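Residue numbers (the numbering used here), protein chains in the order written: chain A, 3 to 345; chain B, 12 to 290; chain C, 6 to 262.
No residue lacks a Cβ here, since even glycine has one placed at the ideal position from N, Cα and C.
Given the structure is predicted, the values throughout are model-derived calculations rather than measurements.
Before any comments, here is the structure.
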Amino acid sequence: MKKHLILITILFALVLSGCNSSKEETLDIFNYGQYIDEELLVEFEEEFGVKINYQEYPTPEDMYTKVKAGGTDYDLIITGEYMIERMISEDMVQKINFDNIPNYQYIDENFKNQPYDPNNEYSVPYFWGTLGIVYNTEVVQGNPDSWDLLWNENYSGQILMMDSQRDSLAASLKKLGYSLNTTIESEIEDAKNLLIEQKPLVMAYIVDEALDMMIADEAAISLIWSGEAVAAMGENDKLNYYIPKEGSNIWIDAACIPKEAANKDLAEKFINFVTSKENTLKNIDYVWYSTVHTEAAKEVEEFLYDNPAFNPSQESINKSEMFRDLGDNLKLYDDAWTEVIAH
Amino acid sequence: MNVKSKYLAYPYSIWMMIFILFPLFLIFLYSITLRNPNDIKTITFTFENFAKFFNPIYINVLIRSISVATLSTIICLFIGYPAAYLLTRVNEKNKGLLILLFILPMWMNMLLRTYAWMTILGNTGLINSFLSLINLPNVNLLYNNSAVILGMVYNFLPFMVFPIYTALNKMDRSLIEAAEDLGADSFTIFRKVIFPLSLPGVVSGIVMVFMPAVSTFVIPRLLGGGKNVLIGNLIEKLFLVTRDWNFGAALSMIILVIIFISIKILNVLKIDKESGVSI
Amino acid sequence: MKNKISKLYLSLVFLFLYAPIAVLVVYSFNDSKSRGTWGGFTFKWYLELFKDRDIKSALYYTVTIAIVAAVISTIVGTISAIGIYNMKTNRMNLFLNINYLPIINPDIVTGIALMILFLSANIKLGFITMLLAHITFDIPYVILSVLPKLKQLDNNITEAALDLGATPFYSLRKIIIPQIKPGIITGFLIAFTLSIDDFVISFFTTGSGVTNLSIEIYSMARRGISPTINALSSLMLVVVLGLLLIINKRTTLQFKE
Numbered sequence: 003m004k005k006h007l008i009l010i011t012i013l014f015a016l017v018l019s020g021c022n023s024s025k026e027e028t029l030d031i032f033n034y035g036q037y038i039d040e041e042l043l044v045e046f047e048e049e050f051g052v053k054i055n056y057q058e059y060p061t062p063e064d065m066y067t068k069v070k071a072g073g074t075d076y077d078l079i080i081t082g083e084y085m086i087e088r089m090i091s092e093d094m095v096q097k098i099n100f101d102n103i104p105n106y107q108y109i110d111e112n113f114k115n116q117p118y119d120p121n122n123e124y125s126v127p128y129f130w131g132t133l134g135i136v137y138n139t140e141v142v143q144g145n146p147d148s149w150d151l152l153w154n155e156n157y158s159g160q161i162l163m164m165d166s167q168r169d170s171l172a173a174s175l176k177k178l179g180y181s182l183n184t185t186i187e188s189e190i191e192d193a194k195n196l197l198i199e200q201k202p203l204v205m206a207y208i209v210d211e212a213l214d215m216m217i218a219d220e221a222a223i224s225l226i227w228s229g230e231a232v233a234a235m236g237e238n239d240k241l242n243y244y245i246p247k248e249g250s251n252i253w254i255d256a257a258c259i260p261k262e263a264a265n266k267d268l269a270e271k272f273i274n275f276v277t278s279k280e281n282t283l284k285n286i287d288y289v290w291y292s293t294v295h296t297e298a299a300k301e302v303e304e305f306l307y308d309n310p311a312f313n314p315s316q317e318s319i320n321k322s323e324m325f326r327d328l329g330d331n332l333k334l335y336d337d338a339w340t341e342v343i344a345h
Numbered sequence: 012m013n014v015k016s017k018y019l020a021y022p023y024s025i026w027m028m029i030f031i032l033f034p035l036f037l038i039f040l041y042s043i044t045l046r047n048p049n050d051i052k053t054i055t056f057t058f059e060n061f062a063k064f065f066n067p068i069y070i071n072v073l074i075r076s077i078s079v080a081t082l083s084t085i086i087c088l089f090i091g092y093p094a095a096y097l098l099t100r101v102n103e104k105n106k107g108l109l110i111l112l113f114i115l116p117m118w119m120n121m122l123l124r125t126y127a128w129m130t131i132l133g134n135t136g137l138i139n140s141f142l143s144l145i146n147l148p149n150v151n152l153l154y155n156n157s158a159v160i161l162g163m164v165y166n167f168l169p170f171m172v173f174p175i176y177t178a179l180n181k182m183d184r185s186l187i188e189a190a191e192d193l194g195a196d197s198f199t200i201f202r203k204v205i206f207p208l209s210l211p212g213v214v215s216g217i218v219m220v221f222m223p224a225v226s227t228f229v230i231p232r233l234l235g236g237g238k239n240v241l242i243g244n245l246i247e248k249l250f251l252v253t254r255d256w257n258f259g260a261a262l263s264m265i266i267l268v269i270i271f272i273s274i275k276i277l278n279v280l281k282i283d284k285e286s287g288v289s290i
Numbered sequence: 006m007k008n009k010i011s012k013l014y015l016s017l018v019f020l021f022l023y024a025p026i027a028v029l030v031v032y033s034f035n036d037s038k039s040r041g042t043w044g045g046f047t048f049k050w051y052l053e054l055f056k057d058r059d060i061k062s063a064l065y066y067t068v069t070i071a072i073v074a075a076v077i078s079t080i081v082g083t084i085s086a087i088g089i090y091n092m093k094t095n096r097m098n099l100f101l102n103i104n105y106l107p108i109i110n111p112d113i114v115t116g117i118a119l120m121i122l123f124l125s126a127n128i129k130l131g132f133i134t135m136l137l138a139h140i141t142f143d144i145p146y147v148i149l150s151v152l153p154k155l156k157q158l159d160n161n162i163t164e165a166a167l168d169l170g171a172t173p174f175y176s177l178r179k180i181i182i183p184q185i186k187p188g189i190i191t192g193f194l195i196a197f198t199l200s201i202d203d204f205v206i207s208f209f210t211t212g213s214g215v216t217n218l219s220i221e222i223y224s225m226a227r228r229g230i231s232p233t234i235n236a237l238s239s240l241m242l243v244v245v246l247g248l249l250l251i252i253n254k255r256t257t258l259q260f261k262e
């Protein structure tokens, strides 16, 4: 009996300690995994005397499903631009008081007034990047510059595509010269067929493993995001990255404040904290994604600056489109993609 | 507390109603309605979501999922049964230790262990590196159905072994001895004595392996290279990416029905008054 | 000969089970962040582990929820299994069919359904909701482990005990439970294992800064899983192995007495 009592007491203690009743102010942040230097969180807590509840999510879709369902009270969410667009249109985020974010002036003008947040009312850019191709220079001959490389039969079985409908369909659509936001059914149909044609050449449709696989020389060519490319090139100097000449996708991750935020002021202070030059540089050092900060961009390390994945040419940027939230038309993409992978 | 009482289960039945039935009812509602984001009040009832399923693509995916899961379950059974049996033959003091050692790998995160398999099976992975060392050609071990089955067997083997081990462990040795005395050979003893007595455990094992195998999505995504989608991947995508909860719910209901039917079939084949097995 | 074969067979099975674990442990010493290359031997990930606040918090919640959920599910599951065992076939089947639903349902469906349940009851997502969710999907497995043992019970012993004047509770404690103990323990282990490793259901039923290791790991996947997790897994492995060996030593000693 005594043993049982002790057991029950321990259980009780465990459960009670799990119910956190903290008196200090807390800031609830929801972010991608490993997308911030955690020292910044500690520094913010110390400087402002608050506690941060930091939660991560694997994909924006997971995040959206949870937040949409309600019952969450995150003060700050960092996510992709197309998701922010959707959340704005569904009235899930609130306008930011930019008086609280003086560092906003350092954000590159190129990232403001974008279609997803035309009047810059709801979000503050965080990191950005492109969608492109990374390849192993020892396996791939010459200087590839087009989407065609992903369809090159010489490299059959060594090509990686993404298990992400928007990204893979974007590659196909751009190769055909269409917009990656198109809702014209015949264009999507063409893109779909092109992907089905490609399937025998594809080693695998991966999401997150491209990084490891390219570093390990497991595959020779991969559709990849620039941030991952930078990391891969850092560990395997045989790799090179390019944005295809037909144009590609450019993306921005940004911070927004959901409607149910309990600490809007504090969230804004955090955004300002994280967008100072020193903290941005510190963050870049950990995240290695391209920065939106004009001042910080001047001071990044040379190897990053010279890297086309980190620092693409203006020409490439001009030819690239951002993903728009397609709303119900997403169904067209989904059906097309389901057919491709189920084939 | 009356030990013979069936009321012992009633508190749990209330739990089941709240946490199992009610959520399931919600899912069922989703499956027979159409998404109407603008007006929550007007619910349209429809079977459209179910009709959508009758498309060769989806049926293909379902068939593939069931065959992969079935194959994995059978392999688990063939590997797991002997393992369970041999475990019962180990001396008493080591039994507990071995059992815990058996389950220990499962306390390491499944995603991590699946990634580890990719390191082992990949083209530049451990096995292929070893093969190159001894001048043998590379084998394509990853991104195909076999890799997915391997992953499933790996992940679900303990779930097959445990119930069988539990059932075999407390088996009355005297029954075996009696059979031996009566002149039965090993095979007959197994067929007529051991296996029937272990049947409840076998059935539990099959249930615990087949079910998650049918609906898992991480293993086919990673080890299958996303090339051969299983129904779990589809459902996950429908709920998260396409946000077509109605169709996703319908698919889930279809799986439920199919599995219940297979259970009933299993039942018919195995109703045995003595072992009293029913599912 | 038979002995050799059985030892070989079991060794092969264990080799199969532990191969990926060995890989995991080895990579916890890899100086490169990627699984693709070997960068040299290092302890740095272990050191980083101690600084990482998120992982420590996740570890705490993971273990706590797993233990508490497993204990509660085992108790409730065992008692309910006894109740189910006493039912007539038809009602038993109905009960069991409902009981199996969390096992049959894909995780995502269970996770989202439970999330909707909690939200429509206006319960804030956090520790308690995650715990309730875990108990919900643990209990069916406990029942599934205990029920076969109940079916193997020799009813005569219980009847005899009752005839001899034992109270129902006494017969439960002294007769039934000892006989079904293997099933109870199996059920507990399975429940604990499931809870320790769950991602989907936990993700959708938690909040307020409560997270678990699986959520952390899945969220890491996009940028590459940091070897700190490998270090953590290796440590967990060592701790549990150590505990096992200690317990085994003590039971061996008891055996010898």
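Closer than 9 Å to chain C by CB, residue i
i: Val218 (chain B); result: yes
i: Glu191 (chain B); result: no
As assigned by DSSP and simplified to three states, the class of residue i
i: Ser42 (chain B); result: helix
i: Ser16 (chain C); result: helix
i: Ile54 (chain A); result: strand
i: Ala118 (chain C); result: helix
i: Gln184 (chain C); result: helix
i: Gly229 (chain A); result: helix
i: Met92 (chain C); result: coil
i: Leu178 (chain A); result: coil
i: Ser278 (chain A); result: coil
i: Leu152 (chain B); result: coil
Test: residue i CB closer than 9 Å to a CB of chain B
i: Ala338 (chain A); result: no
i: Phe204 (chain C); result: yes
i: Ala135 (chain C); result: The residue asked about is misnamed: residue 135 (chain C) is Met in this sequence, not Ala. So, not an interface residue.
i: Asp93 (chain A); result: no
Closest Cα partner of residue i within the set the options
i: Arg178 (chain C); options: C:Val30, C:Ala74, C:Thr83, C:Lys12; result: C:Thr83
i: Trp253 (chain A); options: A:Phe325, A:Lys266, A:Asn313, A:Lys321; result: A:Phe325
i: Asp112 (chain C); options: B:Val229, B:Val252, B:Phe170; result: B:Val229
i: Tyr59 (chain A); options: A:Tyr335, A:Gln107, A:Asn33; result: A:Asn33
i: Lys249 (chain A); options: A:Pro146, A:Ala298, A:Ala212, A:Ser181; result: At residue 249 (chain A) the sequence reads Gly, which differs from the Lys that was named. Checked all of A:Pro146, A:Ala298, A:Ala212, A:Ser181; the closest Cα to Gly249 (chain A) is A:Ser181.
Test: residue i CB closer than 9 Å to a CB of chain A
i: Met129 (chain B); result: yes
i: Tyr69 (chain B); result: yes
i: Asp255 (chain B); result: yes
i: Gly243 (chain B); result: no
i: Arg124 (chain B); result: no
i: Thr42 (chain C); result: yes
i: Lys255 (chain C); result: The sequence as given places Arg at residue 255 (chain C); Lys does not occur at that position. So, not an interface residue.
Beta-carbon separation (whole angstroms), residue i vs residue j, contact threshold 8 Å
i: Ile186 (chain A); j: Ala338 (chain A); result: Not confirmed; about 12 Å, so no contact.
i: Ile272 (chain B); j: Leu262 (chain B); result: Their Cβ separation, rounded to whole angstroms, is 16 Å, which puts Ile272 (chain B) and Leu262 (chain B) out of contact at 8 Å.
i: Asp77 (chain A); j: Asp30 (chain A); result: 5 Å
Whole-angstrom distance between residue j and residue i, CA atom to CA atom
i: Ile217 (chain A); j: Val28 (chain C); result: 18 Å
i: Ala196 (chain C); j: Asp143 (chain C); result: 5 Å
i: Met163 (chain B); j: Asn35 (chain C); result: 28 Å
i: Pro107 (chain C); j: Phe193 (chain C); result: 17 Å
i: Met215 (chain A); j: Asn155 (chain B); result: 17 Å
i: Ile282 (chain B); j: Lys156 (chain C); result: Only weak support exists for where Ile282 (chain B) lies, its pLDDT of 48 falling under 50; the value from the coordinates is given anyway. For Ile282 (chain B) and Lys156 (chain C), the distance between alpha carbons rounds to 13 Å.
i: Gly82 (chain A); j: Phe30 (chain B); result: 34 Å
i: Tyr207 (chain A); j: Thr253 (chain B); result: 18 Å
i: Ile343 (chain A); j: Phe36 (chain B); result: 31 Å
i: Met219 (chain B); j: Asn166 (chain B); result: 11 Å
i: Ala80 (chain B); j: Val150 (chain B); result: 24 Å
Just by C-beta distance, which residues in the region 68 to 93 of chain A are closer than 7 Å to chain E?
-> Considering every chain present, this structure includes no chain E. Its protein chains are A, B and C.
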